[in-house]
Amino acid sequence: MKLLPDQDQRDLASMLSALFVAECPTNLVRELRDADPRSMPTRLWKSLADAGVFGLLVPQQYGGAGGTLSDLGVFCVEAGRGLCPTIVHGTVQAALAIQLLGGPDQQAAWLPSLADGKIRATTCLWSARDAAVTAPTLHARSEAWGGGWRLSGAADFVADADLADHLVVSAVAEGERLMAFVVPLATAGLWIEPMQLMGGHRAFRIAFDDVEVPDPAAALAGIDNAGPVDQDLRRVANAAVALLSLDLVGVGEAVLQRTVDYTMARKQFGRPIASFQAAQHLVANMHIALAAARLAAHSAVFWIGQGRTGTRETAIARMHAASAAKLITLDAHQLHGGMGYVVETDLHLFSERARVLATLGGGADVAATWLEEA
Amino acid sequence: MVDFELDAAQNAWLAEVRDFLQANVTLALRSELAEHGQEFPDGEVASWRRKIGERGWFGLNWPAEYGGLGLGAIYQHLLMREFEYWGVPGPDLTVTSVAPMIMRHGTEQNKLEFLPPIARGELICAVGYSEPDAGTDLASLRTRAVQDGDEWVITGSKIWNSVANRATHEWLCVRTDPSAARHRGISVIMVPTQLPGITIRPLYAWSGYRTNEVFFDDVRVPVGNLIGEVNRGWTYITGALDLERGALTNAGDLRHALDVLTELAGQPRRDGSTPLHMSSFRRRLAQAEADVEAAMLMGYQAASLLDSGVIPTVEVSVEKVFSSELRQRIADLAIDLLGPDGLLAYRSPGAPEDGKFERLYRVAPLMRFGGGTNEVLRDVIAQRGHGMPSYGR
Numbered sequence: 001m002k003l004l005p006d007q008d009q010r011d012l013a014s015m016l017s018a019l020f021v022a023e024c025p026t027n028l029v030r031e032l033r034d035a036d037p038r039s040m041p042t043r044l045w046k047s048l049a050d051a052g053v054f055g056l057l058v059p060q061q062y063g064g065a066g067g068t069l070s071d072l073g074v075f076c077v078e079a080g081r082g083l084c085p086t087i088v089h090g091t092v093q094a095a096l097a098i099q100l101l102g103g104p105d106q107q108a109a110w111l112p113s114l115a116d117g118k119i120r121a122t123t124c125l126w127s128a129r130d131a132a133v134t135a136p137t138l139h140a141r142s143e144a145w146g147g148g149w150r151l152s153g154a155a156d157f158v159a160d161a162d163l164a165d166h167l168v169v170s171a172v173a174e175g176e177r178l179m180a181f182v183v184p185l186a187t188a189g190l191w192i193e194p195m196q197l198m199g200g201h202r203a204f205r206i207a208f209d210d211v212e213v214p215d216p217a218a219a220l221a222g223i224d225n226a227g228p229v230d231q232d233l234r235r236v237a238n239a240a241v242a243l244l245s246l247d248l249v250g251v252g253e254a255v256l257q258r259t260v261d262y263t264m265a266r267k268q269f270g271r272p273i274a275s276f277q278a279a280q281h282l283v284a285n286m287h288i289a290l291a292a293a294r295l296a297a298h299s300a301v302f303w304i305g306q307g308r309t310g311t312r313e314t315a316i317a318r319m320h321a322a323s324a325a326k327l328i329t330l331d332a333h334q335l336h337g338g339m340g341y342v343v344e345t346d347l348h349l350f351s352e353r354a355r356v357l358a359t360l361g362g363g364a365d366v367a368a369t370w371l372e373e374a
Numbered sequence: 001m002v003d004f005e006l007d008a009a010q011n012a013w014l015a016e017v018r019d020f021l022q023a024n025v026t027l028a029l030r031s032e033l034a035e036h037g038q039e040f041p042d043g044e045v046a047s048w049r050r051k052i053g054e055r056g057w058f059g060l061n062w063p064a065e066y067g068g069l070g071l072g073a074i075y076q077h078l079l080m081r082e083f084e085y086w087g088v089p090g091p092d093l094t095v096t097s098v099a100p101m102i103m104r105h106g107t108e109q110n111k112l113e114f115l116p117p118i119a120r121g122e123l124i125c126a127v128g129y130s131e132p133d134a135g136t137d138l139a140s141l142r143t144r145a146v147q148d149g150d151e152w153v154i155t156g157s158k159i160w161n162s163v164a165n166r167a168t169h170e171w172l173c174v175r176t177d178p179s180a181a182r183h184r185g186i187s188v189i190m191v192p193t194q195l196p197g198i199t200i201r202p203l204y205a206w207s208g209y210r211t212n213e214v215f216f217d218d219v220r221v222p223v224g225n226l227i228g229e230v231n232r233g234w235t236y237i238t239g240a241l242d243l244e245r246g247a248l249t250n251a252g253d254l255r256h257a258l259d260v261l262t263e264l265a266g267q268p269r270r271d272g273s274t275p276l277h278m279s280s281f282r283r284r285l286a287q288a289e290a291d292v293e294a295a296m297l298m299g300y301q302a303a304s305l306l307d308s309g310v311i312p313t314v315e316v317s318v319e320k321v322f323s324s325e326l327r328q329r330i331a332d333l334a335i336d337l338l339g340p341d342g343l344l345a346y347r348s349p350g351a352p353e354d355g356k357f358e359r360l361y362r363v364a365p366l367m368r369f370g371g372g373t374n375e376v377l378r379d380v381i382a383q384r385g386h387g388m389p390s391y392g393r
């Protein structure tokens, strides 16, 4: 028991922090937000790949660093602070899903190219309304020949389907069995329709019209080749929610820092507004909410990394992180006054990320229901 | 890496503490505590304290040279949390905040004289800080000590001086240099409570808790009872207050209250309705669960920082504010959830859980202002945690 980061984790955090400062300035975030169609931030992507972000958790035999889920957690905090494009998260989540849902053959087929950033991916493995709902909305039937599959059905709120090469998606196979597939997004019969979310975040409705999946490595067969089970899917969903809770912690950290800096610089009545107790107490409340969220989210990531499904820990992490990120960003607007309300000061970029990530998969009210089953 | 898992030795320790509680928290102890608190000099509570002292658990995280067991802050935290969970008195402020300051700042004579009896549970301190005109603004305290040969002569009064009526000593904060700047003329003196010139007047709080006002009228104490150096006391007491906040808020009692409440929520009330069937109560219970878990993690984090040699001033302020406000929310939720039955008074016939939550509603306000008001602690978080300027407090 030691709730303090070690030197390796502090080094990783400061390396990534510097990377985002250099390679992910807010003008890049704005370009990605406003462009239509969007294009990949290729320089940032390459830097992240060179830094080993995509392979942090991937076993060494597949070209990764063989790290822990907590290492990925360190990345997520910095990603939130640096407003990292979510296609990075999608790719990391896809690799995580293949690690937890795939057998050795599928891991060997996909993980090396995911680990070095050669392919980009997103996932559709849980409901955007409630991440505890992992029942697939797709159906899969096996081809009469060749061992391939055909997928039908529809899914919504799939993130970044415009930028991703592949989608990891679950389906009910032959009317009974749970399966997951790695499907190229440029495939005949696959219809993608954009949904414009707050803050330029892009989600998509995807319709599968008898989509052929011939690649035998595309069907994730479970660690023991018996196919994934509900519990595996839930662990993937929990890991993603817990990691995104750390992203929200990063958003909160960045906004808290900006807000303190602003109140120190802004003078009224002849002194910095930071010297007023009312301002200090808003900051203290942000700090307290953030402390709870940070501990809860790191705890969830740690325990899922130790092999737990972690539903209780994930619920608690999400409840604190979703609430904290909204409280912090909205009170930051209050402390910034007009200077936080105009878009040229960038505060809204964080506020929108907070609201979007605190909603997808379920916010505090939804997460509270997960505690009842845990 | 950040490690949330207790290691084998820590798990064994937790089991040892739980076994001890299982074996020694008797019905007799519980009923004396319920009836009389810790007031009896030689009853069940006194023998309970002796058992803890025999195991060395009052000094469990002290270095061996001062009669301690040399275990880390995590061990202390686990023990305190379990004791709080069971609702029995354990190591008090004498152990958790006074003793560490003596170790850190005391003279060799202070250490030899005071630490061994604290470790045995024989020396109990009342913490003499607040005065009628010096509460949150503690540095304006006026109780004076004037040196006369080899004695200090003390005159003044202290208020909210809990446990003075059963303490052996006052850990007394006094002004020793009235001409110095207000933070610079303060010292700490150990004053035996049996000395002539000390008068104790009880004050009873809303919760039924007894505290005291204590008057010092030319009380004479040997000069060797001054802790550390003269006029350096402010440093010692602010350090002790940081430790006090950490020690006061380990969330063990919150975990117990919520376990009991969750159990009650699943049972039908007098009118046959079951609170757990109502989504509003389920939502509030879930929030309390998430909050108690966060409070527990804050405790582990503070203990981790202590083990790494840091006094976690900001972190214990966060923990204290968070858990004290949570205690009030849990008490409030309990009465809402129980309905009118929640109003049945503490220890009155028919009260659910003997009126535990009716009492908790009255107990909880104490910790929001005790040990540093939450308003001042929010200032501490902003100023010490983020460098925001002092506004002249």
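From first to last, the protein sequence lines are chains H and Z.
Just so you know, the first sequence maps onto residues 1 to 374 in the numbering used here.
Just so you know, the second sequence maps onto residues 1 to 393 in the numbering used here.
In this text, a Cβ means the ideal position worked out from N, Cα and C, and glycines have one as well.
Predicted model only: the values in this text are computed from it and were never measured.
Across the region 276-283 of chain H and the region 375-382 of chain Z, are there enough close Cβ pairs to call them in contact, namely three or more that are closer than 8 Å? yes
From this set, H:M195, H:G200 and H:P184, which residue's C-alpha is nearest V211 (chain H)'s C-alpha? Of all alpha-carbon atoms in H:M195, H:G200 and H:P184, the one lying nearest the alpha-carbon of V211 (chain H) is that of H:P184.
Quick check on R270 (chain Z): buried or exposed, where buried means 16 or more other Cβ atoms within 10 Å of its Cβ? exposed
Reduced DSSP secondary structure (H/G/I, E/B, other) of E193 (chain H): Three-state result, E193 (chain H): strand.
Chain-order list of residues whose beta-carbon lies under 8 Å from that of A295 (chain Z) (same chain, five-residue window excluded): T249, A251, L254, E319, F322, S323 and L326
Could you name the residues of the region 351-373 of chain H whose beta carbon sits closer than 9 Å to any beta carbon of chain Z, in the order they occur along the chain? A364, D365, A367, A368, T369, W370, L371 and E372
For P389 (chain Z), which residues in chain H fall below 7 Å Cβ to Cβ? Residues of chain H passing the Cβ test: P272, A274 and S275.
Between H:G361, H:P5, H:G90 and H:L100, which lies nearest to D393 (chain H) when the distance is taken from Cα to Cα? In the structure as shown, chain H begins at 1 and stops at 374. Residue 393 (chain H) is therefore absent and cannot be evaluated.
Short CB-CB distance (under 8 Å) between W303 (chain H) and chain Z: yes
Just list the residues that DSSP pairs C124 (chain H) with in beta bridges. Beta-bridge pairing links C124 (chain H) to H:V169.
Kindly list the residues whose CB is nearer than 8 Å to the CB of Y262 (chain H), restricted to its own chain and excluding five residues on each side of it in sequence; keep chain order. L335, H336, M339 and G340
Buried or exposed: V229 (chain H), going by 16 or more other Cβ atoms within 10 Å of its Cβ? exposed
Tell me the rounded alpha-carbon separation between L195 (chain Z) and E131 (chain Z). 20 Å
By the three-class DSSP mapping on this structure, what secondary structure does K267 (chain H) have? strand
Option nearest R120 (chain Z) by Cα separation, candidates Z:G233, Z:W160, Z:V95 and Z:Q287: Minimum Cα-Cα distance from R120 (chain Z) among the listed residues Z:G233, Z:W160, Z:V95 and Z:Q287 corresponds to Z:V95.
Measure the C-alpha to C-alpha separation of T359 (chain H) and R129 (chain H) and round it to an integer number of angstroms. 8 Å
Give me the chain H residues within the contact set of V98 (chain Z), using Cβ-Cβ distance strictly less than 8 Å, ordered along the chain. Per Cβ cutoff of 8 Å: no residues; V98 (chain Z) is ~26 Å from chain H at best.
Taking 8 Å as the limit between beta carbons, can you name the residues of its chain near K267 (chain H), skipping five residues before and five after? For K267 (chain H), same chain residues with a beta-carbon under 8 Å away, outside a window of 5 residues either side, are I273 in chain order.
Determine, for A292 (chain H), whether the minimum Cβ-Cβ distance to residues of chain Z falls below 8 Å. yes
Using a Cβ-Cβ cut-off of 8 Å, state whether Q328 (chain Z) counts as contacting chain H. At a cut-off of 8 Å between C-beta atoms, Q328 (chain Z) does not count as an interface residue with respect to chain H.
Measuring CB atoms only, is the region 121-141 of chain H touching the region 192-199 of chain H, in the sense that at least three cross pairs come out at less than 8 Å? With the cut-off at 8 Å, the region 121-141 of chain H and the region 192-199 of chain H do not touch.
Does the beta carbon of H336 (chain H) sit closer than 8 Å to a beta carbon anywhere in chain Z? In terms of beta-carbon proximity, H336 (chain H) stays away from the interface with chain Z, with every pair separated by 8 Å or more.
What did DSSP end up calling R33 (chain H) once you bin it into helix, strand or coil? Annotated three-state conformation of R33 (chain H) is helix, per DSSP.
Cβ neighbour criterion (16 or more within 10 Å) applied to L27 (chain Z): exposed
The alpha helix (DSSP H) enclosing N212 (chain Z), as first and last residue numbers: Premise fails: N212 (chain Z) lies in the beta strand (DSSP E), R210 to P222, not in any alpha helix (DSSP H).
Quick test of the definition: if touching needs 3 or more C-beta pairs under 8 Å, does the region 4-15 of chain Z touch the region 315-334 of chain H? no
Sequence-distant residues of its chain with Cβ nearer than 6 Å to P202 (chain Z) (five each side left out): R210 and N212
Starting from A288 (chain Z), follow the alpha helix (DSSP H) in both directions and report where the run begins and ends. S279 to D307
Going along chain H, which residues have a C-beta under 7 Å from E289 (chain Z)? Neighbours of E289 (chain Z) on chain H, chain order: L371.
Same chain, Cβ closer than 6 Å to G43 (chain Z), five either side skipped, listed in chain order: E32
Would M1 (chain H) pass as an interface residue toward chain Z - the criterion being a Cβ-Cβ separation below 8 Å? At least one chain Z Cβ lies under 8 Å of M1 (chain H).
From this set, Z:A331, Z:R284, Z:G387 and Z:V363, which residue's C-alpha is nearest A368 (chain H)'s C-alpha? Z:R284
State buried or exposed for G413 (chain H), treating a residue as buried only when at least 16 other CB atoms are found within 10 Å of its CB. In this structure chain H extends from 1 to 374, so residue 413 (chain H) is not present and cannot be described.
Taking just the CA atoms, how far does H386 (chain Z) sit from Q257 (chain H)? Those two C-alpha atoms are separated by around 8 Å.
Work out the CA separation of L79 (chain Z) and P214 (chain H) for me, nearest whole Å. 60 Å
Does the Cβ-Cβ distance between H169 (chain Z) and T143 (chain Z) come in under 8 Å? In this structure, H169 (chain Z) keeps its C-beta atom at 8 Å or more from the C-beta atom of T143 (chain Z).
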